[in-house]
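Trainee:
Number of protein chains: 2
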Amino acid sequence: MCGKGESEECCPVKDILARFGDKWSIYTILMLGKQEKLRFNELKAQITGVSQRMLTVTLRSLEEDGLVSRAVYPEIPPRVEYSLTPLGKSLLLQLLALADWAKLNINQILEARERYSKKTQPIS
Amino acid sequence: MCGKGESEECCPVKDILARFGDKWSIYTILMLGKQEKLRFNELKAQITGVSQRMLTVTLRSLEEDGLVSRAVYPEIPPRVEYSLTPLGKSLLLQLLALADWAKLNINQILEARERYSKKTQPIS
DNA sequence: TAACTAGGTTACTTTTAGTAACTCAAAATT
DNA sequence: AATTTTGAGTTACTAAAAGTAACCTAGTTA
Chain A
1 MCGKGESEEC CPVKDILARF GDKWSIYTIL MLGKQEKLRF NELKAQITGV SQRMLTVTLR
61 SLEEDGLVSR AVYPEIPPRV EYSLTPLGKS LLLQLLALAD WAKLNINQIL EARERYSKKT
121 QPIS
Chain B
1001 MCGKGESEEC CPVKDILARF GDKWSIYTIL MLGKQEKLRF NELKAQITGV SQRMLTVTLR
1061 SLEEDGLVSR AVYPEIPPRV EYSLTPLGKS LLLQLLALAD WAKLNINQIL EARERYSKKT
1121 QPIS
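Top to bottom, those sequences are chains A and B. Residues 1 to 124 (the working numbering) make up the first sequence, in order. Residues 1001 to 1124 (the working numbering) make up the second sequence, in order.
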């Protein structure tokens, strides 16, 4: 990708992968790809296992990168709608391909894990 | 992807993305995609910033999932060669597409970050 | 005899993620 | 009139993961 000793800025792939290199970003984009708009608690319900705090942190980071837009309606109780930006939608296409790969190959991966555990733990 | 309350096993996409949801896995596969075989220290030199421990941990995890194979030559000093398995190579294709997207859109993302920092930190 | 080598492991520190309780202000319920 | 509910978060705290640095192994070379 890049040479040695370069800064993050120089290396787009690494910089961007570092952003997705967390537990929730990719999954959040996939979920936002399924519906035009989603409110905070709708997202939270669909992304099984995410905590309120981590969803907030993830959405802020995606918003900062221009992948997700955040619309706040000044009501009480508050209403906030999240949606993918055009940039987010273009990334979604790549992530959908990745998701398809995952569905297609999950069995091979599970089998590999099985083999690995037998190889390293031969219960004597 | 899946409904609520399901276990990890039921949801291939989430399970697999959870594996790549770390700082080094994707980047390691991309590096192994550039050369048929790479030794531990060659990889370490190419993946800027990775520590010895994290490279070991990452490679073990990729090996466990059947994406990377590890060939140990019983010499002194030891020689260990890592390469992508056929499964790893099929994933590489998806990750290369993702890397291309990153190169193509890095500027838009950097501009978005710029806008975001100005919006949230208007130095009064 | 000491230093070097490649590919790790171990012990320890720092960063990040996860949990649970709390906030805000109006509207609805008791 | 006082209490509860509501959605979208914070805050403080704990657990887990990543980063750092020192150590190990056993043949070869200086």
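Just so it is clear, CB atoms sit at the ideal spot from N, CA and C, and this is done for glycine as well.
I'd like the list of long-range same chain contacts for Ile47 (chain A), defined as Cβ closer than 8 Å, with 5 residues on each side in sequence excluded.
Mentor: If you number the first sequence from 1, residue 47 (chain A) lands on position 47. Closer than 8 Å at Cβ, skipping near neighbours: Trp24, Tyr27, Thr28, Met31 and Leu55.
Trainee: I'd like to know whether the C-beta of Pro74 (chain A) is nearer than 8 Å to at least one C-beta of chain B.
Mentor: Along the first sequence, read from residue 1 onward, the residue named residue 74 (chain A) stands at position 74. No, its Cβ sits nowhere closer than 8 Å to a Cβ of chain B.
Trainee: What are the residues in the stretch 72-97 of chain A lying within 9 Å of chain B by C-beta distance?
Mentor: Those residues of the stretch 72-97 of chain A that come within reach of chain B (Cβ to Cβ, closer than 9 Å) are Thr85, Leu87, Ser90, Leu91, Leu93, Gln94, Leu95 and Ala97.
Trainee: Taking 8 Å as the threshold, find out whether the stretch 1036-1045 of chain B comes into contact with the stretch 69-86 of chain A through three or more Cβ pairs.
Mentor: Contact fails: fewer than three Cβ-Cβ distances are below 8 Å.
Trainee: Locate the alpha helix (DSSP H) running through Ser61 (chain A), then write down its first and last residues.
Mentor: As a first step, residue 61 (chain A) must be located in the first sequence, where it is residue number 61. From DSSP, the alpha helix (DSSP H) with Ser61 (chain A) extends over Gln52 to Glu64.
Trainee: Quick check on this structure: which residue in B:Ile1106, B:Gln1052 and B:Gly1021 has the alpha carbon closest to the alpha carbon of Phe1040 (chain B)?
Mentor: As a first step, residue 1040 (chain B) must be located in the second sequence, where it is residue number 40. It is B:Gln1052.
Trainee: Give me the chain B residues within the contact set of Lys23 (chain A), using Cβ-Cβ distance strictly less than 9 Å, ordered along the chain.
Mentor: Reading the first sequence from its first residue, position 23 is the one you call residue 23 (chain A). By Cβ distance, chain B contributes Leu1017, Ala1018, Gly1021 and Asp1022.
Trainee: Taking 8 Å as the threshold (C-beta atoms), are Val1072 (chain B) and Lys103 (chain A) in contact?
Mentor: Position 103 of the first sequence, counted from the first residue, corresponds to residue 103 (chain A). Position 72 of the second sequence, counted from the first residue, corresponds to residue 1072 (chain B). Against a cut-off of 8 Å, the Cβ pair of Val1072 (chain B) and Lys103 (chain A) comes out as no contact.
Trainee: Output the distance between the C-alpha atoms of Pro77 (chain A) and Leu62 (chain A), rounded to the nearest integer angstrom.
Mentor: Taking the first residue of the first sequence as 1, we reach residue 77 (chain A) at position 77. Taking the first residue of the first sequence as 1, we reach residue 62 (chain A) at position 62. Each residue's Cα considered, the two are about 24 Å apart.
Trainee: First and last residue of the beta strand (DSSP E) that includes Glu1213 (chain B)?
Mentor: Outside the displayed range of chain B (1001 to 1124) lies residue 1213 (chain B), so it cannot be described from this structure.
Trainee: Can you name, in chain order, every residue of its own chain whose Cβ lies under 7 Å from the Cβ of Ile1016 (chain B), other than the five neighbours on each side?
Mentor: On the second sequence, residue 1016 (chain B) is found 16 positions in, with the first residue counted as 1. Here the set comprises nothing.
Trainee: Tell me the DSSP bridge mates of Ala71 (chain A)?
Mentor: Here residue 71 (chain A) corresponds to residue number 71 of the first sequence, with the count starting at 1. Answer by DSSP bridge pairing, in chain order: A:Glu81.
Trainee: According to DSSP, is Gln35 (chain A) part of a helix, a strand, or is it coil?
Mentor: Counted from its first residue, the first sequence places residue 35 (chain A) at position 35. Coil at Gln35 (chain A), not helix or strand.
Trainee: So with CB distances below 8 Å, who are the chain B contacts of Ile106 (chain A)?
Mentor: Here residue 106 (chain A) refers to the residue found at position 106 of the first sequence. Near Ile106 (chain A) (Cβ distances below 8 Å), the residues of chain B are Pro1012, Asp1015 and Ile1016.
Trainee: Can you pull the chain A neighbours of Arg1113 (chain B), defined as C-beta to C-beta under 8 Å?
Mentor: Taking the second sequence and counting its residues from 1, one reaches residue 1113 (chain B) at position 113. In chain order: Glu64, Asp65 and Gly66.
Trainee: In three-state DSSP terms, what is Gly88 (chain A)?
Mentor: Sequence index remark: in the first sequence, residue 88 (chain A) carries index 88 (1-based). Of the three classes helix, strand and coil, the one that applies to Gly88 (chain A) here is helix, per DSSP.
Trainee: Under 8 Å, Cβ to Cβ, is there at least one residue of chain B near Lys44 (chain A)?
Mentor: One-based indexing of the first sequence puts residue 44 (chain A) at position 44. So, not an interface residue.
Trainee: State yes or no: is the beta carbon of Lys1103 (chain B) nearer than 8 Å to at least one beta carbon in chain A?
Mentor: Taking the first residue of the second sequence as position 1, residue 1103 (chain B) is located at position 103. Yes, contact with chain A.
Trainee: Does Lys1044 (chain B) come out as helix, strand or coil in the three-state DSSP assignment?
Mentor: Within the second sequence, numbered from 1, the residue matching residue 1044 (chain B) stands at position 44. Here Lys1044 (chain B) sits in helix by DSSP.
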